[in-house]
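Trainee: Under my numbering, the first residue of the sequence shown carries the number -6, and numbering increases by one thereafter.
The beta carbon of each residue, even a glycine, is placed where N, CA and C say it ideally should be.
Dumping the structure here so I can ask a few things about it.
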Amino acid sequence: MAFKTVSNIPKDSFLNKPPALFDLNDYVRQQLHPLADAHQECEEALDMIVDYLKKKVPLKVRRVLKSGAHLRGADVRGEVEEYQLVLFLYDFKSMADCRYKLNEILQQVEFHMKKTNWIVDGNLLMEKNTEFSVRFTLRCSDHRDKFHRILIFPCHDVLKGDNPTKLYKDSMYKDMKTLDEAGRQVYWPVVSQLQTKFIQFRPPAHAVNNLIRLVKHWIHTCFREETKKNLPNAYVIELLVLNIWERVGAPPSFDMLIGFYGFLRKLMMPQMTQAIWNQNYDFSKYEQFTPKNTRIPFIIDPASPFGNLAARYIKGWDDLITVARESLRKPLLWGMEEKRLWQVNPPDEPEDDKEDDKGKENKKKNDKDKKKKK
Ligand SMILES: [Zn+2]
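The following block contains the structure:
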């Protein structure tokens, strides 16, 4: 059967536990939620690298942005994270100037990274630079047997700080609109700042963050290793879970079993996902909604209105659907279809039963809460 080549659900997987004897909420809290100071050592190591760069490399650093799953409040216990460090530099006068000088600056950063003591100690291994970043792996004292991948992106601070005004954002998107996809890539470090901000507005222990952890754990443990490279990245998974949760009214707490079941069901119907968030831009100003492929969902990055994020993972969506279908037949989810909870309606259809009216009210309440926080 086809799924045998994709899935790899172990006998002792949470999916094989009988629901009467197994509490998925406890499992997530006790096994997947990260421990309190899980990332302290990695963060200290990152800070040391930033200090080193500030002292040794003759660059004028305006500010540094750190990103990684735990900084978005969406990390899974034991996961050795990839981190990105964005160095916003006064050395660039504009994004065009950044594009022009980037290679030279990457070489400078690489040159100095190669001289660190961490290399001598065997705790840092340089890798080949990417077009936009210096890349290496680092071992921190908490994660001794595994290496973190770290990418350093020097960039122009086009949004001018942590809390960019609408004016700066509009102007950036206007410039990006004039470029093709390759030309826009130089903006990625700036866009990543808005991505982190978008995901991290809830406390890390929020129920939806726990559902994100569970879905990541499902991907980590139930897919064959060689299929994982085709799957959507962590950020796309985070957006997909958020979209499904918002569509049922963004409940502040819910049963993990119902949430996970709802997620798998939703995965099976990719044509029903139209995820567009307008917090940073007005989508209609930049692109038209034209889903061309109903085998994949339509997910627009809340940090950049250009292109469907899901389109980069066409093979991966097929694999997600295959394993979701198999997972739905596992003991943990037996009998769930009769409960019909966390039912997600197709987009733009009248929602008229009681369940959905309640959902709408929750959604309104949540939107208000969000506004209050701002
Ligand atoms: Zn670490």
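(1) For the candidate residues D168, L313, A200, whose alpha-carbon lies nearest to that of K278?
(2) Let me make sure I understand the geometry here. Which of P27, Q23, M88 has the alpha-carbon closest to that of G66?
(3) According to DSSP, what are the bridge partners of F127?
(4) Measuring CB to CB, does D248 end up less than 9 Å from N18?
(5) Please work out which residues of its chain come closer than 7 Å, Cβ to Cβ, to K308, disregarding the five sequence neighbours upstream and downstream, and give them in chain order.
(6) Based on the DSSP output, what are the partners of R56 in its beta bridges?
(7) Taking DSSP as the reference, what is the three-state secondary structure of Y274?
(8) Pairs of beta-carbons, one from the stretch 288 to 297 and one from the stretch 256 to 274, closer than 8 Å: are there three or more?
(9) From the DSSP output, read off the bridge partner residues of Q267.
(10) Among L187, K107, P157, whose alpha-carbon lies nearest the alpha-carbon of V50?
(11) Report yes if the C-beta of H26 is less than 8 Å from at least one heavy atom of ligand 1; otherwise report no.
(12) Starting from L118 and walking both ways along the beta strand (DSSP E), at which residues does that stretch end?
(13) Any idea what DSSP makes of T(-2), helix, strand or coil?
(14) Under 8 Å: does the beta carbon of H210 sit that close to some heavy atom of ligand 1?
(15) For ligand 1, which residues have a Cβ under 5 Å from at least one heavy atom, in chain order?
(16) Assign Y279 to one of three DSSP states: helix, strand, or coil.
(17) For F194, does the three-state DSSP call read helix, strand or coil?
(18) Check whether the stretch 61 to 80 and the stretch 137 to 145 touch, using three or more Cβ-Cβ pairs below 8 Å as the test.
(19) Classify F194: buried if its beta carbon has 16 or more other beta carbons within 10 angstroms, exposed otherwise.
(20) Assuming L326 contacts S320 under a Cβ cut-off of 8 Å, what Cβ separation, rounded to an integer in Å, is found between them?
(21) Taking the alpha-carbon of M329 as reference, which of L257, V(-1), K159 has the nearest alpha-carbon?
(22) Sort out for me which residues DSSP pairs F253 with in a bridge.
(23) Count the CB pairs spanning the stretch 105 to 120 and the stretch 34 to 53 that are closer than 8 Å, and state whether there are at least three.
(24) Using a 10 Å radius around the Cβ and a threshold of 16 neighbouring Cβ atoms, would you call R132 buried or exposed?
(25) Since L250 and P12 are thought to touch, with beta carbons under 8 Å apart, how far apart are those beta carbons, to the nearest angstrom?
(26) Of all the options F299, Y254, F253, D173, which has the alpha carbon lying nearest to the alpha carbon of Y274?
(27) By DSSP's criteria, N301 is part of a beta bridge. Which residues make up the other side?
(28) Since I believe V127 is in contact with V102 (beta carbons under 8 Å), could you give me their beta-carbon distance rounded to a whole number of angstroms?
(29) To the nearest angstrom, report how far apart P225 and K162 are at their CA atoms.
(30) Pull up the distance between the alpha-carbon of R177 and that of D90, whole angstroms please.
(31) Considering only the alpha carbon of each residue, which of T283, E239, Y254, P244 lies closest to W270?
(32) How would you label A303, buried or exposed, when you count the other beta carbons within 10 angstroms and need 16 or more for buried?
(33) Across which residues does DSSP place Y76 in a beta bridge pair?
(34) From what residue to what residue does the alpha helix (DSSP H) around H213 run?
(35) Out of V208, Y228, A198, point me to the one whose CA is closest to V184's CA.
(36) Need the endpoints of the alpha helix (DSSP H) that H105 sits in, please.
Mentor: So, from the data block:
(1) D168
(2) P27
(3) Strictly speaking, residue 127 in this sequence is Val, with Phe absent from that position. Beta-bridge pairing links V127 to I145.
(4) yes
(5) N223
(6) F81
(7) coil
(8) yes
(9) F291
(10) K107
(11) no
(12) 117 to 119
(13) helix
(14) no
(15) C35, C133, D135, H136
(16) coil
(17) coil
(18) yes
(19) exposed
(20) 7 Å
(21) L257
(22) DSSP output for F253 lists no bridge partner at all.
(23) yes
(24) buried
(25) 7 Å
(26) F299
(27) I293
(28) 5 Å
(29) 26 Å
(30) 14 Å
(31) E239
(32) buried
(33) I143
(34) 200 to 215
(35) Y228
(36) 88 to 106
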